[in-house]
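Numbering (my numbering), first residue to last: 990 to 1133. Even glycine gets a Cβ: it sits at the ideal position worked out from N, Cα and C. One structure below.
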Amino acid sequence: MSRQAIRVRPPHFLIPVALVLAVGLLAGCSEGSSELIAIEGTYTLESVNGMSLPAVFEESEDGTREALEGQLVLNDDATCEQITEVRATLDDMIQTETVIEPCLWSGNPEALEVVWEDERIYLGALLGDELTLSGNSGVWVYIR
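Spelled out as structure tokens, the structure:
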């Protein structure tokens, strides 16, 4: 009398169901999972280097440049634009102008990078509605 091993296979439709359940359980078990945070939007300049506006962001022997107000617009196509009302005092002459600087942005809320056309790079983070960027002219804080 010969013995044959009998192999029992689960019905084929159960394999995809089992995979879906396994993936669902693994996704549900991940601690610290949170909603996706949209970075895109318009942010209003709140302070520069810890100073409320108007705030000096550049000083030289000849004069100063102050940010009077501003916005940073982060678009969903990774382009951005910084619009700043600037008061320049140079040799006792005062001039106010709106400076519009195109830029590119990348990253996530914890690690954001903004690169301007002149290759200045600012690094920052979004915490709640507060976006902080640091670069060669200091720390700029924006509120959404």
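Contiguous beta strand (DSSP E) assignments of at least 3 residues, all confined to the region 1073-1132: 1082-1097, 1100-1105, 1110-1116, 1119-1124, 1127-1132
For G1052, the three-state DSSP class (helix, strand or coil): strand
Cβ neighbours of Y1032 in the same chain (closer than 6 Å, five flanking residues each side left out): L1061, L1120, Y1131, R1133
C-beta contact flag for E1099 and Y1111 at 9 Å: no
Nearest neighbour of A1056, chosen from M1082, D1065, F1046 [CA to CA]: F1046
Identity of the residues DSSP links to A1044 by a beta bridge: A1056
Span of the beta strand (DSSP E) around E1035: 1030-1037
Contacts around C1069, its chain only, beta-carbon distance under 7 Å, and the 5 residues preceding and following it disregarded: L1061, V1062, L1063, C1092, L1093, W1094, V1103
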